[in-house]
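**Student:**
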DNA sequence: CTCCTTATTGCAAATAATAACAATAGTTAT
DNA sequence: ATAACTATTGTTATTATTTGCAATAAGGAG
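Residue numbers (our numbering), protein chains in the order written: chain A, 28 to 166; chain B, 28 to 166.
Right, dumping it as structure tokens:
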């Protein structure tokens with residue numbers, strides 16, 4: 028969806044700067060997929076990047092729609108590159124995860140955009156639910 | 028949606044226990060609306076409830092669908108009672124919040140439930156977007 | 001009502017995340 | 001290239017959140 032040159036252009040246009048730290052963290056996310064802040068720190072701290080920078084960079088990338096929060100189970104967040112749009116359901120009982128194709132949500136999203144005037148950034152939503160197995164047990 | 032007697036019944040059926048601490052925290056959420064863990068702790072610590080208990084109780088209530096995460100701006104989460112179902116859009120640029128009626132999402136949610144077999148817990152979703160004002164500026 | 005089982009709590013300590021601020025280094029213009 | 005402007009970084013210190021474990025108490029059985 029957004030390759031590096033595109034990204035840098037967009038960010039610079041907004042007055043932000045492209046730093047080695049940001050590129051390294053993007054790279055780590057590219058290689059690692061879903062990662063928590065500390066997992067990212069583990070991967071990059073040998074280059075001299077500090078912990079606060081990891082957190083700040085993730086906030087920054089998140090606010091700019093470049094990474095998304097992939098899961099928020101029990102407070103622990105993991106981040107991943109936005110891009111390929113899909114969503115997750117997590118079973119609140121067994122923790123199982125399932126991907127949802129983005130098409131299932133597209134109608135609702137454009138409806139919301141029309142109703143509210145907002146432009147949504149909805150590349151990775153996470154739903155909480157009960158998987159069929161746990162659902163039948165809990166009855 | 029779920030009054031206290033109902034709740035206690037449901038939780039006990041699952042093998043959990045109803046403690047004074049849990050009731051006090053529920054009460055605080057009932058009175059306070061959106062609250063962060065530490066805001067809740069401020070409200071209840073005079074009753075002797077410890078900080079870890081606040082966090083653990085919120086996790087517990089969240090896993091059981093009794094409270095929802097209301098916002099996750101910059102990592103700071105606030106919790107609120109589930110129940111009256113509505114959703115939020117937060118403008119990633121100015122932070123403005125808007126409520127979305129749950130009806131807008133209901134079709135998509137039941138579609139997902141049919142497709143996946145999961146039963147969704149989707150009383151409070153948070154979307155990130157750009158409000159009309161910020162959207163026009165950033166062009 | 002009393003005993004038993006074990007979920008839940010508080011305490012103390014460890015880890016994760018954020019804030020403040022001076023120093024550094026992208027970026028644009030000269 | 002060089003200079004100037006200021007976003008971004010690292011350091012240090014602070015605050016927030018989680019963990020381990022012994023002590024407590026909720027809820028069911030007798």
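In this text, a Cβ means the ideal position worked out from N, Cα and C, and glycines have one as well.
State yes or no: is the C-beta of residue 138 of chain B within less than 7 Å of the C-beta of residue 131 of chain A?
**Tutor:** Start at 1 with the first residue of the second chain, and residue 138 of chain B comes out as number 111. Start at 1 with the first residue of the first chain, and residue 131 of chain A comes out as number 104. Yes, they are a contact pair.
**Student:** Measuring only between beta-carbons, confirm whether residue 68 of chain B sits less than 7 Å from chain A.
**Tutor:** For this step, residue 68 of chain B is matched to residue 41 along the second chain. It does not; no Cβ of chain A falls within 7 Å.
**Student:** Does the beta carbon of residue 62 of chain A come closer than 7 Å to any beta carbon on chain B?
**Tutor:** Taking the first residue of the first chain as position 1, residue 62 of chain A is located at position 35. With 7 Å as the cut-off, residue 62 of chain A does not count as an interface residue toward chain B.
**Student:** Quick check: what's the CA-CA separation for residue 125 of chain B versus residue 116 of chain B?
**Tutor:** Position 98 of the second chain, counted from the first residue, corresponds to residue 125 of chain B. Position 89 of the second chain, counted from the first residue, corresponds to residue 116 of chain B. Near 5 Å, if we compare the C-alpha coordinates of residue 116 of chain B and residue 125 of chain B.
**Student:** In its own chain, which residues sit with a C-beta less than 7 Å from the C-beta of residue 105 of chain A, not counting the 5 before and 5 after it?
**Tutor:** Walking along the first chain from the start, residue 105 of chain A turns up at place 78. Excluding residues within five positions, the ones whose Cβ falls inside 7 Å are 61, 62, 63, 97, 98.
**Student:** Compute the Euclidean distance between the alpha carbons of residue 146 of chain B and residue 74 of chain B, then round it to the nearest angstrom.
**Tutor:** Locating residue 146 of chain B in the second chain gives position 119, counting from the first residue. Locating residue 74 of chain B in the second chain gives position 47, counting from the first residue. The alpha-carbon atoms of residue 146 of chain B and residue 74 of chain B are separated by roughly 37 Å.
**Student:** Going by beta carbon distance, what residues of the same chain come within less than 7 Å of residue 48 of chain A, once the five residues before and after it are set aside?
**Tutor:** Numbered from its first residue, the first chain carries residue 48 of chain A at position 21. Contacts found: 76, 80, 84.
**Student:** Looking at the secondary structure, which residues open and close the beta strand (DSSP E) in which residue 126 of chain A lies?
**Tutor:** As a working mapping, residue 126 of chain A is identified with position 99 in the first chain. Per DSSP, the unbroken beta strand (DSSP E) holding residue 126 of chain A starts and ends at 124–128.
**Student:** Given this structure, state the Cα-to-Cα distance separating residue 134 of chain A from residue 135 of chain B, to the nearest angstrom.
**Tutor:** Translated into the one-based positions of the first chain, residue 134 of chain A becomes position 107. Translated into the one-based positions of the second chain, residue 135 of chain B becomes position 108. Cα-Cα distance, rounded: 8 Å.
**Student:** Between the region 142–158 of chain A and chain B, which residues of the former have a C-beta closer than 8 Å to a C-beta of the latter?
**Tutor:** 142, 143, 144, 145, 146, 147, 148, 149, 152, 154, 155, 156, 157, 158
**Student:** In terms of residue numbering, what span does the alpha helix (DSSP H) encompassing residue 56 of chain B cover?
**Tutor:** One-based indexing of the second chain puts residue 56 of chain B at position 29. Counting along the chain, the alpha helix (DSSP H) containing residue 56 of chain B begins and ends at 47–59.
**Student:** I'd like the span of the beta strand (DSSP E) that includes residue 107 of chain A, first residue to last.
**Tutor:** The residue labelled residue 107 of chain A in the question sits at position 80 within the first chain. From DSSP, the beta strand (DSSP E) with residue 107 of chain A extends over 105–108.
**Student:** Find the residues of chain A that neighbour residue 132 of chain B, judging by a C-beta separation of less than 7 Å, and give them in chain order.
**Tutor:** Translated into positions along the second chain, residue 132 of chain B becomes position 105. Those within 7 Å of residue 132 of chain B in chain A are 135.
**Student:** Give the DSSP-derived three-state secondary structure of residue 139 of chain A in the structure shown.
**Tutor:** For this step, residue 139 of chain A is matched to residue 112 along the first chain. In this structure, residue 139 of chain A counts as helix in the three-state DSSP scheme.
**Student:** Are residue 109 of chain B and residue 129 of chain B touching if we call contact CB-CB under 7 Å?
**Tutor:** Working through the second chain from its first residue, we reach residue 109 of chain B at position 82. Working through the second chain from its first residue, we reach residue 129 of chain B at position 102. Result no, Cβ atoms of residue 109 of chain B and residue 129 of chain B do not sit closer than 7 Å.
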